[in-house]
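Chains as they are written, first to last, in my numbering: chain A, 32 to 140; chain B, 244 to 692. Every residue gets a Cβ at the ideal spot worked out from N, C-alpha and C, and that includes glycine. This one's a predicted model, so the numbers in the text were calculated from it and none came from an experiment. Here's the structure, in structure tokens; my notes come after.
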Amino acid sequence: MPKQRLHPLPSAAFQILLSLADGDRHGYGIMRQVAEQTSGRMRLGPGTLYGSIQALLDEALIAEAGLHERRRYYRLTPAGRKLACSEAERLAGLLRVARAKRILRGDYV
Amino acid sequence: MSEKIYLLLLRFHAARFRQAYGEEAVQLFRDRARDERGLFAKVRLWFDLLGDLAVSVPRGYWYAPQELMAASGPPNWDNIPSFQVLDDRPPSRGALVLGGILSVVALAAVPTTIGRFGGYRPLYFSFAQSERGFSEAPARQDTAPAAADRGGLDSAARHRLIQAAAQTLKEHYMDAAVAQRTADALLNHEKNGDYDAITEGPALAAALTSHLRDASGDMHLDVAYTERVLQPGPARPSPAAMEQYRKAMEQQNCTFEKTEIRAHNIGYVKLNSFPEPSVCGQTAAAAMAMLNGADAIIFDLRDNGGGYPGMVMLLAGYLFDHPEYIFSPRDATTRESWTQPVAGNRLADKPVYVLTSKRTASAAECFSYDLKMLKRATLVGETTRGAAHAAVFRPIADHFGMGIPEAKPINPFSDRDWEGVGVEPDVRTNAADALDTALKLAPRRQAGK
Numbered sequence: 032m033p034k035q036r037l038h039p040l041p042s043a044a045f046q047i048l049l050s051l052a053d054g055d056r057h058g059y060g061i062m063r064q065v066a067e068q069t070s071g072r073m074r075l076g077p078g079t080l081y082g083s084i085q086a087l088l089d090e091a092l093i094a095e096a097g098l099h100e101r102r103r104y105y106r107l108t109p110a111g112r113k114l115a116c117s118e119a120e121r122l123a124g125l126l127r128v129a130r131a132k133r134i135l136r137g138d139y140v
Numbered sequence: 244m245s246e247k248i249y250l251l252l253l254r255f256h257a258a259r260f261r262q263a264y265g266e267e268a269v270q271l272f273r274d275r276a277r278d279e280r281g282l283f284a285k286v287r288l289w290f291d292l293l294g295d296l297a298v299s300v301p302r303g304y305w306y307a308p309q310e311l312m313a314a315s316g317p318p319n320w321d322n323i324p325s326f327q328v329l330d331d332r333p334p335s336r337g338a339l340v341l342g343g344i345l346s347v348v349a350l351a352a353v354p355t356t357i358g359r360f361g362g363y364r365p366l367y368f369s370f371a372q373s374e375r376g377f378s379e380a381p382a383r384q385d386t387a388p389a390a391a392d393r394g395g396l397d398s399a400a401r402h403r404l405i406q407a408a409a410q411t412l413k414e415h416y417m418d419a420a421v422a423q424r425t426a427d428a429l430l431n432h433e434k435n436g437d438y439d440a441i442t443e444g445p446a447l448a449a450a451l452t453s454h455l456r457d458a459s460g461d462m463h464l465d466v467a468y469t470e471r472v473l474q475p476g477p478a479r480p481s482p483a484a485m486e487q488y489r490k491a492m493e494q495q496n497c498t499f500e501k502t503e504i505r506a507h508n509i510g511y512v513k514l515n516s517f518p519e520p521s522v523c524g525q526t527a528a529a530a531m532a533m534l535n536g537a538d539a540i541i542f543d544l545r546d547n548g549g550g551y552p553g554m555v556m557l558l559a560g561y562l563f564d565h566p567e568y569i570f571s572p573r574d575a576t577t578r579e580s581w582t583q584p585v586a587g588n589r590l591a592d593k594p595v596y597v598l599t600s601k602r603t604a605s606a607a608e609c610f611s612y613d614l615k616m617l618k619r620a621t622l623v624g625e626t627t628r629g630a631a632h633a634a635v636f637r638p639i640a641d642h643f644g645m646g647i648p649e650a651k652p653i654n655p656f657s658d659r660d661w662e663g664v665g666v667e668p669d670v671r672t673n674a675a676d677a678l679d680t681a682l683k684l685a686p687r688r689q690a691g692k
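Set out below in structure tokens:
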């Protein structure tokens, strides 16, 4: 039985999907974008970054978008966008539960 | 410099990863190294890289490419070994050669190690250990075994051993009341914790022997530790061992090293064991026939470590013209305890000298002791070894055996035999001078007579 790399979706892979939501990026770009959107908490090392990219490519959640200045760019596929969307909804559902249990206060999301 | 280090680290990744993303990973490293300046950033960069390596390398191998997974054999079929492919390239020729060399070295190391550290023991059966055998049995603990073989004994093993010793004693000892008393004493010692600190076989055997002798007053009782594993039940020679013994006796002329008539018509026989009469009876008879005309006879037992009581009886038969009782400390008194006069024998009234040394043991001591006590021979040399071996040796555990006197023969000469003290000579000399001394003592035939 083949191993399921992306079930459940690892947070690194989810962050990569999110980082590509507003435009194609190369590896280093993805890494910087992920660091930015997590306020520097997640800095993807090369092994994790390209390992996740490989897994996402294998599942056709992202695709190569060509070479530019000797750097390979990646873009989100429709399937990837759909998965990121459902993952976000899953997290939103979790947030609602957390708020109902008075673990989390505030009204954003 | 730091890029070179990173290139080395990159080699830990699976080949497929390096091929696909090696350049990009190096590029990423360059970008970060360029952008992140300052000591803190540099330390953080290396911290990230090493952490990333630790996590992603095993994961990279774990998630091996699926097409290779499929080729790596059906997983989890019953008892069929299957292999996981870690890398997706065939191993390099150098790796194959090195692997081959390592396999050969490992294979060669096994027999070498066994041979070197004494795991190999020649399969030989010592005939002297048979139940009827009456000699310096090598099963006895004479030499200290290698420390590694002394074997740690835990309390369960000790308990089993003590139980076995008590049981064997009650079953086989000649006096049931003494056996019961002695077995109880052993169990009491165990209850009092006297053996708790003993973990080595030889030490435990010594402690048990001393307690057995204290409780019974019988110096023939003992427990012996042996390095090799003993077979259960009383030792009996196998037909193969018997055949081996027969061949060895043929080669050694039944240990009759010399049989000759010396100056002044003195018969001299150097006998280095008392061989089994069924094998060596004819040889013994031929030797005695050759000495039949002698005026005196010297038995040289200085190198005689013992053997079979039957041969003691057979040879003693030549020295008496009537049946004579011969005491043997192991065997119950039976019809076989009396010598049988030999037809045509002329030695019954001739002086006899027995040469002894401190190596003279067991059956040879029996021969010496009885002839001395019967005042039939003059013993010349040293005090003998003092090994009565009155006991039958019975294995009670893998490495332990027990000597138990099973019969109480009549000793008409004394309360004690020669156990532990040896047989005293009548004429004391060094073993080396014993023959010359005996030759001087022997009567000289007058010239012309």
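Is ALA467/B closer than 7 angstroms to GLY663/B when the C-beta atoms are compared?
-> no
State the start and end residues of the unbroken alpha helix (DSSP H) segment that holds PRO482/B.
-> 482-494
Residues bridged to PHE643/B [DSSP beta-bridge criterion] = TYR468/B, ALA640/B
Which residues bound the alpha helix (DSSP H) around PHE656/B?
-> From DSSP, PHE656/B is part of no alpha helix (DSSP H); its letter is neither H nor E.
If you measure from the beta carbon of GLY265/B to each beta carbon in chain A, is any gap under 7 angstroms?
-> no
Identity of the residues DSSP links to TRP581/B by a beta bridge = TYR568/B
Count the CB pairs spanning the segment 610-629 of chain B and the segment 563-570 of chain B that are closer than 8 angstroms, and state whether there are at least three.
-> yes
Could you spell out where the beta strand (DSSP E) holding PHE563/B opens and where it closes?
-> Looking at the DSSP string, PHE563/B is not in any beta strand (DSSP E), and its letter there is neither H nor E.
Would you please state the rounded distance, in angstroms, between the beta carbons of ARG106/A and ALA96/A? I believe it to be under 8 angstroms.
-> 4 angstroms
The beta strand (DSSP E) enclosing LYS501/B, as first and last residue numbers = 499-505
According to the neighbour-count rule (16 or more other Cβ atoms, all chains shown, within 10 Å of its Cβ), is MET62/A buried or exposed?
-> buried
Closest by C-alpha distance to ILE647/B, when choosing among ALA338/B, VAL348/B, ARG456/B, MET244/B = ARG456/B
Rounded straight-line distance, which links the Cα of GLU500/B to that of GLN494/B = 11 angstroms
Using CA coordinates, which residue listed in ASP55/A, PRO77/A, THR69/A, LEU51/A is at the minimum distance from ASP274/B?
-> PRO77/A
Would you call the segment 526-540 of chain B and the segment 509-518 of chain B touching, i.e. three or more CB-CB distances under 8 angstroms?
-> yes
Going along chain B in order, which residues have a C-beta closer than 8 angstroms to the C-beta of GLN85/A?
-> PHE260, ALA263, TYR264
As assigned by DSSP and simplified to three states, the class of GLY124/A = helix
Of the choices ALA110/A, ARG136/A, LEU135/A, ARG101/A, whose alpha-carbon is the least far from that of PHE45/A?
-> ALA110/A
So which residues of chain A does PHE283/B contact, with C-beta pairs closer than 7 angstroms?
-> Chain A residues near PHE283/B: none, gap ~12 angstroms exceeds 7 angstroms.
When burial is assigned at 16 or more other CB atoms within 10 Å of the CB, is THR355/B buried or exposed?
-> exposed
Cβ pair ALA553/B, PRO520/B closer than 7 angstroms = The sequence shown places Gly at residue 553/B, not Ala. Contact flag set, yes.
Identified DSSP bridge partners for LYS113/A = Note: LYS113/A sits in no beta bridge, so no partner.
Can you list, in chain order, the residues of its chain whose CB lies under 6 angstroms from that of SER459/B, leaving out five sequence neighbours each side?
-> VAL421, THR425
Rounded to whole angstroms, what's the CA-CA distance from ALA650/B to ARG573/B? Just pull it up for me.
-> 6 angstroms
Enclosing alpha helix (DSSP H) for TYR104/A [first to last residue] = Not the alpha helix (DSSP H): TYR104/A falls in the beta strand (DSSP E), residues 102-107.
Which runs of the beta strand (DSSP E) fall wholly inside the segment 41-95 of chain A and span at least 3 residues, in chain order?
-> none
Going by DSSP, what residues sit across from ASP543/B in a beta bridge?
-> LYS513/B, LEU598/B
Cross-chain neighbours of ALA276/B in chain A, by beta carbon under 7 angstroms | Within chain A, no residue comes near ALA276/B; the closest Cβ sits about 11 angstroms away, beyond 7 angstroms.
Anything in chain A within Cβ reach of ARG302/B, meaning under 7 angstroms, just list it in chain order.
-> GLY82
Have a look at GLU470/B and THR79/A and give me their C-alpha separation to the nearest angstrom.
-> 60 angstroms
What is the rounded straight-line gap between the Cα of GLN410/B and the Cα of GLU433/B?
-> 15 angstroms
In angstroms with no decimal places, state the Cα-to-Cα distance between ARG277/B and PHE283/B.
-> 14 angstroms
Measure how close the beta-carbons of THR599/B and VAL666/B come, nearest whole angstrom, since I'm counting them as under 8 angstroms.
-> 7 angstroms
Is the CB of ASP641/B under 7 angstroms away from at least one CB in chain A?
-> no
Is the segment 627-646 of chain B in contact with the segment 669-676 of chain B, if contact means three or more CB pairs nearer than 8 angstroms?
-> no
From the DSSP output, in three-state form, read off THR526/B for me.
-> helix
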